[in-house]
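Protein chains in written order, with the numbering used here: chain A, 2 to 556; chain B, 13 to 325.
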């Protein structure tokens with residue numbers, strides 16, 4: 002017997018099994034997401050449990066609660082995203098480093114999946130029990146089941162399409178819409194010609210099958226990647242590569258560094274929005290519009306969604322586009338770009354131009370779709386009524402001008418959504434970026450809640466005070482914007498500042514013109530419209546973007 | 013630790029002039045009052061162990077890091093204040109080529125060409141053929157060695173006045189290393205341009221460098237012409253009359269190794285004083301040898317570590 006045996010050091014935090022170690026790692030890498038999700042839940046629970054004012058708070062701020070619930074669920078999805086970026090392989094999928102662990106693939110896949118389902122269910126029922134139940138809202142089990150399976154599918158898609166990131170975004174968007182509709186199944190029951198019981202049974206079976214399928218597919222794809230396959234060298238990619246190899250390519254040199262940078266940005270980030278728009282139109286809107294071609298109401302609804310499609314996509318893609326590299330989670334400017342003899346100001350201008358081209362193409366795609374759909378297979382009855390009402394109110398010239406300005410301002414608004422985050426994303430500071438995202442969401446929630454509150458409690462008796470208060474708030478916002486713009490633009494070159502101010506004036510002029518054409522002939526309303534029209538196009542924030550990039554580039 | 017000051021060429025001769033550069037990341041001091049000058053037309057090798065501060069120094073030369081204290085001038089310009097003026101005259105190859113994998117070789121060349129008015133397409137083509145890079149190949153499909161070659165090609169084809177290589181041969185096979193070194197030598201011998209490169213492969217530095225600087229834990233412990241450095245450093249084999257149980261203490265020695273009666277001492281510039289010191293210890297010099305840069309590096313790093321330990325105690 003060895004009497005000199007050293008005492009065995011306890012294993013780190015008692016991690017004696019691979020599952021515990023993997024779970025610990027998942028927690029450590031995403032703990033802030035989890036804290037954020039729990040924090041939002043806790044905040045609303047505390048607000049809601051605060052006694053006498055509960056009903057009042059809930060009634061008036063219900064949309065805010067819903068928004069925060071969605072945010073916390075997104076945070077759980079972020080927590081259990083469990084994919085890593087490999088810049089060299091240009092691949093973002095299941096953590097490659099785990100493949101060398103002596104752990105079977107099914108366990109590598111099952112651990113984040115099970116944790117994900119548990120977390121998302123806990124959060125959902127936390128909201129249901131602590132926030133919505135005390136206010137008399139009862140959340141069912143069906144959305145919880147859909148949410149759990151949705152998370153499993155999300156993980157599978159993220160891992161399976163690690164090398165096909167554009168395809169992955171489209172697939173995730175389509176899957177997301179499918180699951181949202183599935184979660185709202187009870188609202189569609191009256192429109193389904195089968196007995197409700199059969200529909201529920203079929204849906205439960207389908208959901209169970211999907212969950213099993215997601216796990217099996219997840220295991221299959223991760224196993225394939227573990228054995229050297231599935232990293233973007235798939236059949237589809239090979240075929241696409243073959244086609245692009247034979248297509249004519251640019252052979253002449255770029256005219257200027259700015260032109261070369263434009264090409265780089267376009268290839269890297271510019272194509273995403275048009276591609277996603279086209280994909281959504283072809284895969285979603287075209288079939289839906291064809292299936293509902295006899296329904297005039299559905300035409301109007303589909304048209305409305307189609308018109309906001311680029312805006313929604315720009316809001317999502319804009320977060321990534323604003324980063325130095327859309328596909329990288331790292332906010333630092335890649336050294337490959339940082340050492341280019343090009344000023345940070347020129348790099349930002351290039352991004353603005355690429356965003357403009359990207360958005361123009363997305364809107365052109367949408368207009369082409371509308372030009373095909375509306376005359377060829379849409380039921381235009383309600384749309385014609387709307388047009389005739391417009392004609393009666395405004396006349397042909399005015400209505401034509403409104404439509405034209407609507408397209409222009411929608412395009413400008415889409416551009417704004419893409420570029421307005423540049424100042425924070427280019428700074429390279431991840432904390433600022435996250436805080437900005439959270440604040441943006443919170444402000445949006447507060448705005449929605451405030452509007453709902455205002456509409457609910459609108460009293461003509463106080464109309465004058467409302468107008469006066471709103472007017473002063475808008476004046477303050479416009480003055481602050483202009484004042485900040487002076488500070489942010491003064492460190493940029495005067496030529497660029499002048500060019501952008503001219504652009505801003507023209508863009509804001511379009512908003513003003515649209516506002517004046519649309520709004521009724523009331524003096525007080527018109528002055529509010531003019532003030533509000535000066536706000537959407539960013540001015541100060543874009544002046545800050547080159548300074549942020551410079552800070553990122555030269556730390 | 014005492015900060016070493018090294019002689020500088022006149023500012024007109026120096027392509028890079030770094031004076032009292034200080035940089036800290038959080039609590040860790042990465043560069044501590046570093047001063048060095050890179051003469052025009054030379055091959056300047058920067059050596060140091062991992063984490064010594066080599067990449068940080070190079071990033072300061074590129075203007076990717078702002079000096080917290082001290083100054084950095086490249087071609088007499090501040091690389092932070094005038095990045096376009098400086099970067100347009102530099103060719104840079106990083107330790108881990110971060111070339112965009114989606115680009116093809118020909119696209120990389122065309123893209124890079126746009127930024128450099130002096131881009132020589134014929135030279136670029138010649139290098140591309142020499143390196144065996146297919147123009148239509150995507151960068152992500154290339155091996156590590158081929159990626160390094162593509163990076164070197166993009167860094168060299170505009171015939172930069174200063175070629176800046178940050179551990180260019182790290183993790184590469186001997187053939188690629190040879191290709192890169194040959195390109196470095198050609199750059200200097202054919203066109204008299206300046207090359208600044210960092211490495212911890214000391215044989216490489218010794219093979220091609222005119223000047224050498226050695227960083228150790230953020231301090232510049234050695235800087236000067238390679239020949240002078242090698243001439244200053246000598247190894248003396250000492251023989252003691254009786255076996256020594258512990259290393260003899262010799263003032264000015266960088267390292268003392270051995271056992272029993274025979275000990276080897278590496279000295280820096282104390283050649284004249286050594287015989288008297290050795291005699292006083294009861295030993296005699298039996299042989300004097302030239303030392304390699306590797307021996308000097310190990311001896312210097314060891315001395316610096318000892319000095320750090322002593323001063324902290």
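Using N, Cα and C, we set each Cβ at its ideal position, and we do this for glycine too.
- Under the Cβ criterion of 8 angstroms, residue 75 of chain B is counted among the residues facing chain A.
- Between residue 336 of chain A and chain B, the shortest Cβ-Cβ separation is below 8 angstroms.
- By the Cβ neighbour-count rule, residue 209 of chain A is exposed, with fewer than 16 other Cβ atoms within 10 Å of its own.
- Following the DSSP letters along the chain, one finds residue 150 of chain A inside the alpha helix (DSSP H) bounded by residues 142-161.
- For residue 156 of chain A and residue 118 of chain A, the gap between their C-alpha atoms comes out near 11 angstroms.
- Residue-level contact by beta carbon fails for residue 77 of chain A and chain B, as no gap is shorter than 8 angstroms.
- The shortest CA-to-CA distance from residue 242 of chain B to any of B/141, B/303, B/153, B/96 is the one to B/303.
- When Cβ-Cβ separations below 8 angstroms define contact, residue 114 of chain B makes contact with chain A.
- Contact annotation for residue 39 of chain B against chain A: no contact, minimum CB-CB distance about 17 angstroms [criterion: below 7 angstroms].
- Look at the stretch 108-150 of chain B and you find these whole runs of alpha helix (DSSP H), each 4 residues long or longer: 117-125, 133-143.
- About 4 angstroms separates the Cβ atoms of residue 106 of chain A and residue 224 of chain A, confirming a contact at the 8 angstroms cut-off.
- Taken in chain order, the members of the stretch 110-138 of chain B whose beta-carbon sits within less than 9 angstroms of a beta-carbon on chain A are 110, 111, 112, 113, 114, 115, 116, 118, 119, 122, 123, 124, 125, 126, 127, 128, 131, 133.
- Note that the C-beta distance between residue 284 of chain B and residue 266 of chain B is not below 8 angstroms.
- Residue contact with chain A for residue 57 of chain B: absent (no Cβ-Cβ distance below 8 angstroms to any residue of chain A).
- Excluding five sequence positions before and after residue 530 of chain A, the CB atoms of its chain that fall closer than 7 angstroms to its own CB belong to 516, 517, 520, given in chain order.
- With contacts defined as CB atoms closer than 8 angstroms, residue 476 of chain A and residue 413 of chain A fail to qualify as a contacting pair.
- Closest in C-alpha terms to residue 156 of chain B, from the list B/209, B/188, B/165, comes B/188.
- Within the same chain, Cβ atoms closer than 6 angstroms to the Cβ of residue 322 of chain A are found at 270, 419, the five residues on either side in sequence being excluded.
- Among the residues facing chain B, residue 241 of chain A is not included, as its CB has no counterpart in that chain under 8 angstroms away.
- Taking a cut-off of 8 angstroms on C-beta distances, the stretch 324-335 of chain A does not touch the stretch 246-255 of chain A, as fewer than three cross pairs fall below it.
- DSSP places residue 161 of chain B inside the alpha helix (DSSP H), whose first and last residues are 156-168.
- Neighbours of residue 100 of chain B in chain A, taken as residues whose beta carbon is under 8 angstroms from its own, are 342 in chain order.
- Of all residues in the stretch 242-264 of chain A, only 242, 246, 250, 251, 252, 253, 254, 255, 256, 257, 258, 259, 260, 261, 262, 264 place a beta-carbon less than 9 angstroms from a beta-carbon of chain B.
- Exposure of residue 525 of chain A is indicated by the presence of fewer than 16 other C-beta atoms within 10 angstroms of its C-beta.
- Residue 497 of chain A has a beta carbon lying at 8 angstroms or more from every beta carbon in chain B.
- Counting the other Cβ atoms within 10 Å of the Cβ of residue 466 of chain A gives fewer than 16, which makes it exposed.
- Residues of the same chain with a CB within less than 8 angstroms of the CB of residue 536 of chain A, apart from the 5 flanking positions on each side, are 475, 478, 479, 482 in chain order.
- In the structure shown, residue 32 of chain B falls within a strand segment according to DSSP collapsed to helix, strand and coil.
- In its chain, beyond the 5 residues on either side, 276, 278, 301, 303 have a beta carbon closer than 6 angstroms to the beta carbon of residue 247 of chain B.
- Runs of the beta strand (DSSP E) lying entirely within the stretch 223-282 of chain B and spanning at least 3 residues, in chain order: 223-228, 231-237, 245-256, 265-280.
- When CB distances to chain B are screened at a threshold of 8 angstroms, the residues of the stretch 541-555 of chain A falling below it are 554, 555, in chain order.
- By the C-beta density criterion, residue 226 of chain A is buried, having at least 16 other C-beta atoms within 10 angstroms.
- Contacts with chain B at 8 angstroms (Cβ-Cβ) include residue 339 of chain A.
- Cα atoms of residue 228 of chain B and residue 553 of chain A: separation of roughly 28 angstroms, rounded to the nearest angstrom.
- In this structure, the alpha-carbon of residue 461 of chain A lies about 21 angstroms from that of residue 448 of chain A.
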